[in-house]
Amino acid sequence: MKPKRLVMFSESLLAGVSAKPESIVRSSSVLIAMPPVLNAIVAVCPDLGIGNNGNLPWHPVRLHNEFKHFRKMTTTSPVPGKQNVVIMGRKTWFSIPEKNRPLGNRINIVLSRTCKTAPPGAHYLAADFSSALRLVNKELADQVGQVWIIGGSSLYKEMLETPGTKRRLFVTQILKQFECDTFLPEINVNKFQKLPEFPGVSKELQEENGIQYRFEVYESTEQ
Ligand SMILES: NC(=O)c1ccc[n+]([C@@H]2O[C@H](COP(=O)([O-])OP(=O)(O)OC[C@H]3O[C@@H](n4cnc5c(N)ncnc54)[C@H](OP(=O)(O)O)[C@@H]3O)[C@@H](O)[C@H]2O)c1
1 MKPKRLVMFS ESLLAGVSAK PESIVRSSSV LIAMPPVLNA IVAVCPDLGI GNNGNLPWHP
61 VRLHNEFKHF RKMTTTSPVP GKQNVVIMGR KTWFSIPEKN RPLGNRINIV LSRTCKTAPP
121 GAHYLAADFS SALRLVNKEL ADQVGQVWII GGSSLYKEML ETPGTKRRLF VTQILKQFEC
181 DTFLPEINVN KFQKLPEFPG VSKELQEENG IQYRFEVYES TEQ
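Following UniProt numbering, the numbering of the sequence shown begins with 1 at its first residue and continues without gaps.
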């Protein structure tokens, strides 16, 4: 049944959503400022698998153009002179090859309940999701363009379930199944809709190293 979930998700109807400059949400009994749009990006297998053994499911195969898409989406800031933020869990941070950490031209925030200081190379450490958003919206407010959640499972879950702002999920649907031990949480098909197109995101079927995939963008229907 798992593959059906994403299919159902793809079939959501499009409805208009208006943006708010900033909104406030209550989380863990404190009021936090939310960015106008919370973005997340993920590449998923048909069963919603996103990782295996601390790596991408298709490791050691590399999908260079898929990675370029990730880099372009997360790096391109809408505001000249400002950098985007990437927020990730500790395991995702350590799944990035050391030579590529921190992710370039982006402010890297790592979430951990156990780390006492930011892992070497990371720009900031946050003890929970709300603290990371507070950091972005208060201390870093003048420097930040967009906010991107880049994994893993629990961060996607928090992003998908955090009301109070428009949320966009950029999905690469990998059209081949690989063994997975880490999954994208189930998505509420009533709360997200697939956009027919999005600037800078190709609608064409992609193929690399014999693996086909598609780029898709989903947007929350409520804020
Ligand atoms: N396909 C994709 O697009 C994609 C994207 C990202 C990652 N991945 C894959 O997914 C796997 C890693 O993801 P994962 O889900 O296993 O781990 P993860 O979310 O990257 O990291 C989990 C750790 O992050 C910290 N953490 C998570 N949520 C937190 C919160 N709300 N507050 C404070 N700390 C929090 C905790 O660290 P402490 O234990 O230190 O407290 C937790 O143990 C790898 O296989 C990676 O390759 C795939």
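Heads up, the beta-carbon is just placed ideally off N, CA and C, and yes, glycines get one too.
Given residue i as reference, the closest of the options once Cα atoms are compared
i, options, result
"N53", "D181, N188 and F129", "D181"
"G49", "Q177, N39 and V147", "Q177"
"I174", "G104, V42 and Y156", "V42"
"P78", "P199, T221, V217 and E222", "P199"
"P185", "I211, G152, F94 and V86", "G152"
"H59", "D47, K68 and I96", "I96"
"L160", "K72, D47 and V189", "V189"
Contact under 8 Å by Cβ, residue i with residue j
i, j, result
"T172", "Y213", "yes"
"V110", "M88", "yes"
"E66", "E197", "no"
"W148", "T74", "yes"
"G121", "N84", "no"
"K157", "E219", "no"
"I187", "T92", "no"
"N39", "F170", "yes"
"V201", "R168", "no"
For residue i, the three-state DSSP class (helix, strand or coil)
i, result
"W93", "helix"
"A126", "strand"
"K68", "helix"
"R113", "coil"
"L38", "strand"
"N52", "strand"
"V217", "strand"
"P60", "coil"
"A132", "helix"
"N105", "coil"
Same chain, Cβ closer than 7 Å to residue i, neighbours up to 5 away in sequence not counted
i, result
"H123", "P102, I107, N108 and I109"
"E179", "N52 and P57"
"L13", "With a pLDDT of 17 at L13, under the threshold of 50, the modelled position of this residue cannot be trusted; read the value that follows with caution. Same-chain partners within the cutoff: Q193."
"F70", "I41"
"K82", "Q143, V144 and G145"
"E204", "none"
"N105", "T75 and Q83"
"S154", "G89"
"A132", "I87, I109, L111 and A126"
Extent of the continuous alpha helix (DSSP H) run through residue i
i, result
"L184", "Careful: L184 lies outside any alpha helix (DSSP H) and carries neither H nor E."
"E158", "S153 to E161"
Spatial neighbours of residue i in its chain, beta-carbon cut-off 8 Å, leaving aside the 5 residues before and after
i, result
"A127", "L111, S112 and R113"
"S28", "At S28, the pLDDT of 42 sits below 50, so the modelled position is not reliable; the number obtained from the coordinates is stated separately. Hits under 8 Å: D128 and S130."
"I211", "W58, V61, L63, I174, L175 and K176"
Residue i: first and last residue of the uninterrupted beta strand (DSSP E) it sits in
i, result
"L169", "K166 to I174"
"E208", "Q206 to E208"
"K194", "F192 to K194"
"V147", "V144 to I149"
Contacting residues, own chain, Cβ-Cβ under 6 Å from residue i (five flanking each side not counted)
i, result
"Q206", "Y213"
"D125", "The amino acid at residue 125 is misidentified as Asp; the sequence shows Leu. Excluding sequence neighbours, L125 sits near V110, C115 and A118."
"L63", "E208"
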